[in-house]
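**Student:** In my numbering, the protein residues as written are 58 to 431. Sending over a structure as structure tokens; questions will come in a sec.
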């Protein structure tokens with residue numbers, strides 16, 4: 058399958074391994090140090106905030122919603138949300154391959170698109186209106202907006218290119234995933250057609266409120282799961298949909314992964330890479346998580362990664378797990394296994410059309426096998 062990191066030099070490996078791990082705080086956990094040697098700092102900060110006053114940065118006004126484990130429900134033995142015509146394929150969403158430290162933006166956008174598609178499917182179920190356009194004409198949100206606009210409240214980030222390695226964060230700014238979700242809830246998110254991705258480039262925030270209103274953004278909150286709780290992670294994935302996860306692989310085996318189940322070792326704490334958790338399964342007696350990579354089909358097994366369950370706290374993808382929600386969300390659809398079985402059968406032709414045969418070889422042979430723990 059090839060691997061885009063096969064030619065990485067030792068210096069680059071060292072830089073990856075030493076990447077700063079963003080803090081785990083829910084809110085903006087670490088303000089940049091004030092420049093006390095600059096008497097004009099306050100004036101610069103004021104002008105900077107005025108410059109970006111059109112961006113809502115009231116981060117503390119939004120809190121994460123807790124996840125409550127549902128004890129009386131069973132979950133599938135294996136799961137892959139790609140089979141449900143929910144997750145966009147790599148060609149639809151531009152990949153942040155050359156913005157190595159901006160993976161959070163890609164992961165959040167793919168998660169949002171997936172949940173928007175789930176909402177449209179729920180609408181179809183209630184109204185019987187077909188939503189075949191999910192893949193024929195998918196809604197693609199702007200990745201660039203989340204790269205450019207999350208530092209709009211502090212002059213420290215003026216002209217700071219988060220696509221390059223620096224001490225401020227191995228994955229964008231400190232805890233960019235949380236900031237990204239809050240930014241979307243407060244400001245909305247433009248479509249990629251109006252705020253297009255610039256490969257490897259960070260630029261001034263060009264957020265346009267009018268354009269954001271043209272895009273359908275039903276999201277009004279986000280759910281943050283308890284840290285390192287992989288049981289709740291599996292349940293939330295089965296009941297609600299794909300989840301943005303962030304962790305710190307910090308090992309060469311991860312970057313050179315090309316297939317099989319990755320058993321991570323000697324991982325560091327913190328979050329330097331974000332991916333989209335789309336499923337889980339069982340292979341040769343080993344349970345694994347199925348993750349979609351921001352590096353595209355040039356990495357891993359056609360862009361996908363299988364990682365062992367319960368890999369220890371340092372390598373645990375449940376270190377930070379977040380998914381979006383909206384008002385009056387009907388999560389009962391996710392419990393309806395017969396409904397999803399039908400979705401997998403009737404939408405198979407669309408799934409085959411948008412995924413390569415190599416990717417499909419990774420899908421479970423049986424559409425749905427349910428694990429009844431009663």
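We put the CB at the ideal spot given by N, CA and C, even for glycine.
Let me make sure I understand the geometry here. Which of 345, 350 and 97 has the alpha-carbon closest to that of residue 367?
**Tutor:** For the purposes of this step, residue 367 is taken as residue 310 along the chain shown, with counting starting at 1. Nearest C-alpha to residue 367: 345.
**Student:** Need the endpoints of the beta strand (DSSP E) that residue 355 sits in, please.
**Tutor:** Indexing the chain shown from 1 puts residue 355 at position 298. Premise fails: residue 355 is in no beta strand (DSSP E) and is neither H nor E.
**Student:** Buried or exposed: which applies to residue 37, given that a residue is buried once 16 or more other Cβ atoms fall within 10 Å of its Cβ?
**Tutor:** No answer is possible for residue 37: the residues shown for the chain start at 58 and end at 431.
**Student:** Quick check on DSSP: helix, strand or coil for residue 184?
**Tutor:** In the chain shown, the residue the question calls residue 184 occupies position 127. Residue state, collapsed to three classes: helix.
**Student:** On a CA-only basis, which of 97, 119, 147 and 127 is nearest residue 354? Give me that one, please.
**Tutor:** Taking the chain shown and counting its residues from 1, the one referred to as residue 354 is at position 297. The option with the nearest alpha carbon to residue 354 is 147.
**Student:** Is residue 360 helix, strand or coil by DSSP?
**Tutor:** To locate residue 360, count along the chain shown from 1; it is residue 303. DSSP places residue 360 in coil when its eight states are reduced to three.
**Student:** Nearest-angstrom Cα distance between residue 335 and residue 106?
**Tutor:** Reading the chain shown from its first residue, position 278 is the one you call residue 335. Reading the chain shown from its first residue, position 49 is the one you call residue 106. Their backbone Cα atoms lie some 38 angstroms apart in a straight line.
**Student:** Run through DSSP, which three-state label would residue 233 get?
**Tutor:** Position 176 of the chain shown, counted from the start, is the residue given in the question as residue 233. It is helical.
**Student:** Within the chosen definition, does the stretch 237 to 257 reach the stretch 267 to 286 through at least 3 CB pairs nearer than 8 angstroms?
**Tutor:** The stretch 237 to 257 is in contact with the stretch 267 to 286.
**Student:** From the DSSP output, in three-state form, read off residue 401 for me.
**Tutor:** The residue you call residue 401 lines up with position 344 of the chain shown. Helix at residue 401.
**Student:** Quick check on residue 331: does DSSP put it in helix, strand or coil?
**Tutor:** The sequence position of residue 331 within the chain shown is 274, counting from 1. DSSP places residue 331 in strand when its eight states are reduced to three.
**Student:** Looking only at its own chain, which residues have a Cβ that is under 8 angstroms from the Cβ of residue 205, when we skip the five neighbours before and after it?
**Tutor:** Counting from one through the chain shown, the residue named residue 205 turns up at place 148. Closer than 8 angstroms at Cβ, skipping near neighbours: 259, 260, 261, 262, 263 and 264.
**Student:** If you count every other CB in all the chains shown that lies within 10 Å of the CB of residue 110, and 16 or more means buried, which is it?
**Tutor:** As a first step, residue 110 must be located in the chain shown, where it is residue number 53. Flag for residue 110 reads exposed.
**Student:** Using a Cβ-Cβ cutoff of less than 7 angstroms, which residues in the same chain neighbour residue 112 once the five nearest sequence positions on both sides are dropped?
**Tutor:** Within the chain shown, numbered from 1, the residue matching residue 112 stands at position 55. Excluding residues within five positions, the ones whose Cβ falls inside 7 angstroms are 206, 209, 244, 262 and 264.
**Student:** Label residue 173 either buried or exposed according to how many other C-beta atoms from any shown protein chain fall within 10 Å of its C-beta, with 16 as the threshold for buried.
**Tutor:** Stepping through the chain shown from its first residue, residue 173 is reached at position 116. Residue 173 comes out buried.
**Student:** Classify residue 78 as buried or exposed, calling it buried when 16 or more other Cβ atoms lie within 10 Å of its own Cβ.
**Tutor:** Position 21 of the chain shown, counted from the first residue, corresponds to residue 78. Confidence in residue 78 is poor, its pLDDT being 41 and thus under 50, which makes the residue's placement unreliable; the coordinate value appears in the next sentence. Residue 78 comes out buried.
**Student:** Using only the alpha-carbon positions, how far apart do residue 133 and residue 338 sit?
**Tutor:** Your numbering for residue 133 matches position 76 in the chain shown. Your numbering for residue 338 matches position 281 in the chain shown. Their backbone Cα atoms lie some 9 angstroms apart in a straight line.
**Student:** Would you check if the distance between the CB atom of residue 383 and the CB atom of residue 275 is smaller than 7 angstroms?
**Tutor:** On the chain shown, residue 383 is found 326 positions in, with the first residue counted as 1. On the chain shown, residue 275 is found 218 positions in, with the first residue counted as 1. Cβ distance < 7 angstroms, so residue 383 and residue 275 count as in contact.
**Student:** Quick check on residue 383: does DSSP put it in helix, strand or coil?
**Tutor:** Here residue 383 refers to the residue found at position 326 of the chain shown. Correct three-state label for residue 383: strand.
**Student:** How long is the line joining the alpha carbons of residue 241 and residue 197, rounded to whole angstroms?
**Tutor:** The residue you call residue 241 lines up with position 184 of the chain shown. The residue you call residue 197 lines up with position 140 of the chain shown. Spanning the two alpha carbons is a distance of roughly 14 angstroms.
**Student:** May I have the straight-line CA-CA distance separating residue 131 from residue 256, to the nearest angstrom?
**Tutor:** Looking up residue 131 in the chain shown gives position 74. Looking up residue 256 in the chain shown gives position 199. Taking the straight line joining both Cα atoms gives about 43 angstroms.
**Student:** Output the distance between the C-alpha atoms of residue 402 and residue 200, rounded to the nearest integer angstrom.
**Tutor:** Here residue 402 refers to the residue found at position 345 when the chain shown is read from its first residue. Here residue 200 refers to the residue found at position 143 when the chain shown is read from its first residue. In a straight line, the C-alpha of residue 402 is about 32 angstroms away from that of residue 200.
**Student:** Applying the criterion that 16 or more other CB atoms from any shown protein chain within 10 Å of the CB defines a buried residue, is residue 237 buried or exposed?
**Tutor:** For the purposes of this step, residue 237 is identified with residue 180 of the chain shown, where counting begins at 1. So residue 237 counts as buried.
**Student:** Please name the residue or residues paired with residue 281 in a DSSP beta bridge.
**Tutor:** Position 224 of the chain shown, counted from the first residue, corresponds to residue 281. Residue 281 is bridged to 123 and 379.
**Student:** For the alpha helix (DSSP H) holding residue 289, just list the boundary residues, first then last.
**Tutor:** Position 232 of the chain shown holds residue 289. Per DSSP, residue 289 belongs to the alpha helix (DSSP H) from 287 to 296.
**Student:** Roughly how many angstroms separate the alpha carbons of residue 165 and residue 97, rounded to a whole number?
**Tutor:** As a working note, residue 165 is residue 108 in the chain shown. As a working note, residue 97 is residue 40 in the chain shown. Roughly 36 angstroms separates the two Cα atoms.
**Student:** I'd like to know whether the C-beta atoms of residue 443 and residue 162 end up nearer to each other than 7 angstroms.
**Tutor:** Nothing can be reported for residue 443: it is not among the residues displayed for the chain, which extend from 58 to 431.
**Student:** Do residue 350 and residue 332 have their C-beta atoms closer together than 7 angstroms?
**Tutor:** Counted from its first residue, the chain shown places residue 350 at position 293. Counted from its first residue, the chain shown places residue 332 at position 275. Yes, these two residues count as a Cβ contact at 7 angstroms.
**Student:** With DSSP collapsed to three states, give me the class of residue 348.
**Tutor:** Mapped onto the chain shown, residue 348 falls at position 291. Correct three-state label for residue 348: strand.
**Student:** Excluding the 5 residues preceding and the 5 following residue 124 in the sequence, name in chain order all residues of the same chain whose CB lies nearer than 8 angstroms to its CB.
**Tutor:** For the purposes of this step, residue 124 is identified with residue 67 of the chain shown, where counting begins at 1. Taken in chain order, the residues that qualify are 280, 281, 282, 283, 289 and 293.
**Student:** Whose C-alpha, out of 234, 137, 108 and 138, is nearest the C-alpha of residue 116?
**Tutor:** For the purposes of this step, residue 116 is taken as residue 59 along the chain shown, with counting starting at 1. It is 234.
**Student:** Return the chain-ordered list of same chain residues with a C-beta closer than 6 angstroms to the C-beta of residue 343, the five sequence neighbours on each side being excluded.
**Tutor:** Position 286 of the chain shown, counted from the start, is the residue given in the question as residue 343. Within the same chain, residue 343 has close Cβ partners 318.
**Student:** From residue 352 to residue 246, what distance separates their C-alpha atoms?
**Tutor:** Stepping through the chain shown from its first residue, residue 352 is reached at position 295. Stepping through the chain shown from its first residue, residue 246 is reached at position 189. When rounded, the distance between both Cα atoms is 22 angstroms.
**Student:** With the cut-off set at 7 angstroms, would you say residue 330 and residue 374 are in Cβ contact?
**Tutor:** Here residue 330 refers to the residue found at position 273 of the chain shown. Here residue 374 refers to the residue found at position 317 of the chain shown. No, these two residues do not count as a Cβ contact at 7 angstroms.
**Student:** Roughly how many angstroms separate the alpha carbons of residue 377 and residue 347, rounded to a whole number?
**Tutor:** The residue labelled residue 377 in the question sits at position 320 within the chain shown. The residue labelled residue 347 in the question sits at position 290 within the chain shown. Approximately 16 angstroms, taken between the alpha carbons.
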